[in-house]
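Notes for the one structure printed next.
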Amino acid sequence: MTLLRLPGLVDAHVHLREPGYTHKEDFYTGTCAALAGGVTTVLDMPNTSPPTSTPERLAEKARLAAAKAVADVGLFVGATNTELDAYLPAAEQACGLKIYVSDTFGSLRIDELGALHRLFRTWAERRESSPAGLGPIAVHAEDLMLPACLALSQLYRVPLHVVHVSRRSEIELIRRAKEQGLPVTCEATPHHLFLSQDDLPRLGPRGDMRPRLATPDDVAALWEHLEVIDVFATDHAPHTLAEKTAPEPPPGVPGLETMLPLLLTAVHAGRLELADILARCVENPRRIYRLPEQPETFVEVDVDARFVLEDAAMQTKVKWTPFAGWEVFGRVERVVLRGKTVFAGGQVLARPGSGRVLFQPTGATAIS
Ligand code: DOR
Ligand code: ZN
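Under this note's numbering, the sequence shown has 15 at position 22, and the numbering climbs by one with no breaks.
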């Protein structure tokens, strides 16, 4: 056994589904899955029901998270076509603005240039006038929508974070944008790094997500451009197996519990360095999203432990993983958050509400 002590990881892209879809996940089960994966901070996406597109909804989400979460949670705001500016008064209470310009799950979709332009302009103006500044605009922008977002980011000098990059054309374009000094960062998911279209016959609907799995050449391009990828994030997007096997299954796969073992297995295979993981799962997301340090917080991982990922072992409410059957290295033995052991021996020990909600006016933490 070789115990390695790592800082608590940040997963900068999760869908914890509350409110509206709590049969898939909620703030308690989702953050339990986070701890089981060595993740002590998650950034939660706004495509819930209702979407997080007004200050009232953001405040309600913060209340739910403060009562239930066992890891720290930052919340994104989003915009709908009909509620473009409604989120603005709450911009400072969010970790960033999420814009969906490509096909996805839920009602948050900006599909018109005028609306997209307005969102960039208003976020940039708000950033200028906000004493503490604001986080980035995070975009789900595939294919031709990516250069549109890059151009708007340059025109307004507003930091842009491109989520789940999956294609060679996209990572090459982002490399070029960075070389030209654009304020752009990007992330890649474990499923786009470790799976391709070739896995679809085996996975069936369990392999369906947005962006869709790409070609082996696209996967190779992500690995070739590792230095361009700032963040590894899971896009933890749970749907029940019943939903995934019904006609017209929703896109998305869970990922919080499998990211660290998959990445450590890549270290074992010589494809990554441990420092690559720490940069992309701790240091860079903290810098990009301006996240606070977590004192006395660490994860103990047995890097020699070899085990098989199994649906039944998952803490996520939906109890499945597209990586079921994979043999991996790196078992999370213990997680300590602010001096308290919150996960050990495969069990979550933390009380609901012991996690903090970030960026709230009074700290909006649960009683602890
Ligand atoms: O596959 C996906 N599922 N991609 C997204 O962008 C959204 C997510 C979800 O919320 O289910
Ligand atoms: Zn997502």
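Ideal Cβ positions, reconstructed from N, Cα and C, are used throughout, including at glycine.
All values derive from a computational prediction rather than experimental measurement.
Taking the beta carbon of VAL311 as the centre, do at least 16 other beta carbons fall within 10 Å, making it buried, or is it exposed?
buried
Helix, strand or coil: which one does DSSP assign to PHE113?
helix
Based on the DSSP output, what are the partners of TYR93 in its beta bridges?
HIS133
Where in the region 260 to 310 do unbroken runs of the alpha helix (DSSP H), each at least 4 residues long, occur, reported from the N-terminal end onward?
267 to 271, 277 to 282
Could you give the DSSP three-state label for VAL341: helix, strand or coil?
strand
Check whether the Cβ of ASP37 lies closer than 7 Å to any heavy atom of ligand 1, and answer yes or no.
no
Rounded separation between THR15 and ALA62 - CA only
14 Å
Excluding the 5 residues flanking GLU76 on each side, which residues of the same chain have their C-beta closer than 6 Å to its C-beta?
SER46
Can you have a look at ASN74 and say buried or exposed, based on whether 16 or more other CB atoms are within 10 angstroms of its CB?
exposed
Identify the residues that DSSP records as bridge partners of THR178: which are they?
HIS154
Taking buried to mean at least 16 other C-beta atoms within 10 Å of its own C-beta, is GLY356 buried or exposed?
Because GLY356 carries a pLDDT of 46, less than 50, the predicted location of this residue cannot be relied on, and no value is offered for it.
Among PHE98, GLY332, GLU85, nearest to SER42 - alpha-carbon criterion:
PHE98
With DSSP collapsed to three states, give me the class of ALA108.
helix
Does the region -1 to 18 come into contact with the region 267 to 287, if we say contact requires no fewer than three beta-carbon pairs (one atom in each stretch) closer than 8 Å?
yes
Are the CB atoms of PRO183 and LEU255 within a distance shorter than 8 Å?
yes
For a quick check, are the C-beta atoms of LEU143 and LEU112 less than 8 Å apart?
no
Distance CB(HIS154)-CB(ALA181) smaller than 8 Å
no
Any contact between the region 245 to 253 and the region 199 to 213? By contact I mean 3 or more CB pairs, one from each, below 8 Å.
yes
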